[in-house]
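UniProt numbering numbers the first residue of the sequence shown as 1 and each following residue consecutively.
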Amino acid sequence: MSAILAIPSDARSIPDVPAILHPPVPEEVILYFAARLTLEDAKFLEEMGQDPEVTPGLFQGDLALTDEMYDYWRVGIRWDVMPSRMWPNGTVPYVISPLYDTSDYVTIYKAIANLNFMTCVRFVPWNGKDKDFLLIWPVKQPRGCWSYVGRFGGAQIVSLQPPDEKSSNCLGGEGRAMHELMHALGIFHEQSRADRDQFVEIKFENIIPEYRSNFNKQSLENTTYNFEYDYDSIMHYGQYFFRSVVILNLLQLPSHPLAGGDEKCL
């Protein structure tokens, strides 16, 4: 059972995770806000009923991103510019926190199993020795669903907030866990594509003003695409992210409304 849950036999080998973390936020985003988002800002987002991919208050809600990566962000990391962000041999060691309930373990494991089945990447239980690995953890602050983008080095947090009395949060299904794990592989959000205005209309007047920069498009200079725009992508924002009313109007209607990272397909 320990191999399935990816808990090293010697639990002491798991690094300590502080209750409060300070993931990187691009300097341009900090300047836009005039400061980092505070605990009060995060509580405001939660009280508004924002999605758990929004409440961490990072770049685009759930992305821990350095200035260097911000300069080159697109649908996927530019491996020619940052090869160190790629997981060697397509293999990603991981540990699931012992703080999760059994049902939450199962949800996370299903997300991992789906990605192993549907992609050429292999998530494998951490052997306690590899220097770089994912540490899937119910981080207290910033709460919600968030991840670094690509391989960051060392024990790399993927935050998945478990269900509580108010919401299923990040673990109502495997979709949100898959979304954050895809970020850890180096994938950004679908609606950030430079060509997105051909497919969705962003209603900027309906976005909370402080968060409008989260809807910036990628630069054409850093953009290449091998696939058509995908409304059903598990990496697409939902229609109500950072909103008081509908944010995304669809110019070409998919078969069902956008649900963001809660989608069941890649």
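Backbone N, C-alpha and C fix where the C-beta goes; we use that ideal spot for every residue, glycine too.
Report task. Give the DSSP-derived three-state secondary structure of T102 in the structure shown. Result -> Note: T102 maps to helix in three-state DSSP.
Query raised in the report: Who are the near neighbours of V17 in its chain, counting only those whose CB is closer than 6 angstroms to its CB and skipping five residues on each side?
Result: So the list reads W137, once near-sequence residues are dropped.
Query raised in the report: When DSSP labels each residue in this structure, what does R193 get in the three-state scheme?
Result: R193 sits in coil when the DSSP states are folded into three classes, being neither helix nor strand.
Query raised in the report: Expressed to the nearest angstrom, what Euclidean distance is found between the alpha-carbon atoms of V54 and K129?
Result: Looking at the two C-alpha atoms, the distance is approximately 34 angstroms.
**Report entry** Closest residue to R122 among V92, H22 and L134 (Cα-Cα distance)
**Finding:** Scanning V92, H22 and L134 for the CA closest to the CA of R122 turns up V92.
Report task. Could you check the C-alpha separation between F215 and N89 for me, to the nearest Å? Result -> So the alpha carbons of these two residues sit roughly 33 angstroms apart.
Report task. Could you give the DSSP three-state label for A64: helix, strand or coil? Result -> In this structure, A64 counts as strand in the three-state DSSP scheme.
Report task. Return yes when the Cβ of E180 is within less than 8 angstroms of the Cβ of K110, no when it is not. Result -> No, these two residues do not count as a Cβ contact at 8 angstroms.
Query raised in the report: Is it the case that the Cβ atoms of V149 and L21 are separated by a distance below 8 angstroms?
Result: Not closer than 8 angstroms, so no.
Query - Buried versus exposed call for A34 [16 or more other C-beta atoms within 10 Å across all chains shown] - result: With a pLDDT of 44 at A34, under the threshold of 50, the predicted position of this residue should be treated as unreliable, though the coordinate-derived value follows. Burial check for A34: the Cβ neighbour count within 10 Å stays below 16, so the residue is exposed.
**Report entry** Cβ neighbours of C120 in the same chain (closer than 7 angstroms, five flanking residues each side left out)
**Finding:** Non-local beta-carbon contacts of C120 in its own chain, meaning distances under 7 angstroms to residues more than five positions away in sequence, involve G90 in chain order.
Query raised in the report: Curious, which full-length alpha helix (DSSP H) runs of at least 4 residues does the stretch 74 to 150 contain?
Result: As far as the stretch 74 to 150 is concerned, its whole alpha helix (DSSP H) runs of at least 4 residues are 102 to 118.
Query raised in the report: Nearest to W146 by alpha carbon, out of P56, Y240 and A19?
Result: Ranking the options by Cα distance to W146, first place goes to P56.
Query raised in the report: Is P138 near the ligand NAD, with its Cβ less than 7 angstroms from a heavy atom?
Result: This structure lacks the ligand NAD, and indeed carries no ligand of any kind.
Requested in this report: Determine the burial state of Q156: buried for a count of at least 16 other Cβ atoms within 10 Å of its Cβ, exposed for fewer.
Outcome: Result: buried.
Query raised in the report: Less than 8 angstroms separating the beta-carbons of E190 and S233?
Result: Contact annotation: E190 and S233 have beta-carbon atoms nearer than 8 angstroms.
Query - Assigned secondary structure, A34 (DSSP; H/G/I helix, E/B strand, else coil) - result: Unreliable placement is indicated for A34, whose pLDDT of 44 sits below 50; the coordinate value is still reported in the next sentence. In this structure, DSSP gives A34 a state outside helix and strand, which the three-state scheme calls coil.
Query raised in the report: If you compare alpha carbons, which of D230, V25 and V95 is closest to I14?
Result: Closest option to I14, Cα to Cα, is V95.
Report task. Please name the residue, chosen from A177, M182, Y237 and F227, that lies closest to E201 on a Cα-to-Cα basis. Result -> Distances from the alpha-carbon of E201 to those of A177, M182, Y237 and F227 put Y237 closest.
Query raised in the report: A177 lies in the beta strand (DSSP E); which residues open and close that run?
Result: Premise fails: A177 lies in the alpha helix (DSSP H), E174 to L185, not in any beta strand (DSSP E).
Requested in this report: Let me know the secondary structure DSSP gives S13 once reduced to three states.
Outcome: Assigned with DSSP and collapsed to three states, S13 falls in helix.
Query raised in the report: According to DSSP, is Q161 helix, strand or coil?
Result: Q161 falls in the coil class under three-state DSSP.
Requested in this report: Confirm, please, whether the CB-CB distance from Y70 to P26 is below 8 angstroms.
Outcome: The Cβ atoms of P26 and Y70 sit closer than 8 angstroms to each other.
Query - Nearest-angstrom Cα separation, counted from M182 out to P52 - result: If you take the alpha carbons of P52 and M182, they lie about 16 angstroms apart.
Report task. Assign E201 to one of three DSSP states: helix, strand, or coil. Result -> It is a strand residue.
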